[in-house]
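Asks: Here the sequence shown is numbered in the numbering used here, starting from 57 and rising by one per residue.
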Amino acid sequence: MTMLKIGKKEDQLNEFSLADRMENMKTCVNYVFEYFNQYVDISKLDEQTVLNNERLEKYKKSISQYEEEIQEWLVHIYDEYNKKLDRIIINFLKKDELFYLYSSDSEFRSLSYEPFVF
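Laid out in structure tokens, this is it:
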């Protein structure tokens with residue numbers, strides 16, 4: 057049961073009462089503050105953010121040979137999906153040695169229909 061439901065029962069809040077509307081909103085806001093002050097450990101959230109930033113920075117250094125725009129794209133993919141797309145692409149290119157010789161749209165299109173596994 058959420059804190060709001062518990063609080064509604066304990067404080068006997070009637071959310072449909074127009075006369076008590078302001079007092080009820082104040083009470084609900086206090087529930088939110090209570091939740092963040094008592095149940096959410098801000099230091100752990102900060103620590104996770106720092107660790108994630110360090111992880112992303114380390115990855116960005118490993119792809120420094122690419123242009124800035126590509127680095128940002130790769131870092132975004134890594135942050136969002138935890139996938140190092142540069143490695144996946146390199147492995148894919150190793151499988152198809154003729155890729156660099158492709159010149160027509162149909163060749164690229166046929167390659168794009170093959171299953172791509174992360």
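All C-beta atoms, glycine included, are put in the ideal place defined by N, C-alpha and C.
1. So, at 6 Å on beta carbons, what are the nonlocal neighbours of residue 69 in its own chain, with the 5 sequence-adjacent residues on each side left out?
2. I'd like the list of long-range same chain contacts for residue 120, defined as Cβ closer than 8 Å, with 5 residues on each side in sequence excluded.
3. Might you give, ordered along the chain, the residues of its own chain that have their beta carbon closer than 8 Å to the beta carbon of residue 73, omitting 5 neighbours on each side?
4. By the DSSP assignment, the alpha helix (DSSP H) with residue 142 in it spans what residues?
5. At the level of alpha carbons, what is the spacing between residue 57 and residue 137?
6. Classify residue 142: buried if its beta carbon has 16 or more other beta carbons within 10 angstroms, exposed otherwise.
7. Where in the stretch 82 to 135 do unbroken runs of the alpha helix (DSSP H), each at least 4 residues long, occur, reported from the N-terminal end onward?
Replies: This is what the structure gives:
1. Taking the sequence shown and counting its residues from 1, one reaches residue 69 at position 13. Excluding residues within five positions, the ones whose Cβ falls inside 6 Å are 80.
2. Within the sequence shown, residue 120 is the residue found at index 64, counting from 1. The answer, listed in chain order, is 127.
3. By one-based count along the sequence shown, residue 73 stands at place 17. Here the set comprises 80.
4. Reading the sequence shown from its first residue, position 86 is the one you call residue 142. Per DSSP, residue 142 belongs to the alpha helix (DSSP H) from 141 to 151.
5. Counting from one through the sequence shown, the residue named residue 57 turns up at place 1. Counting from one through the sequence shown, the residue named residue 137 turns up at place 81. Unreliable placement is indicated for residue 57, whose pLDDT of 47 sits below 50; no coordinate value is reported for it.
6. Here residue 142 corresponds to residue number 86 of the sequence shown, with the count starting at 1. Residue 142 comes out buried.
7. 98 to 118
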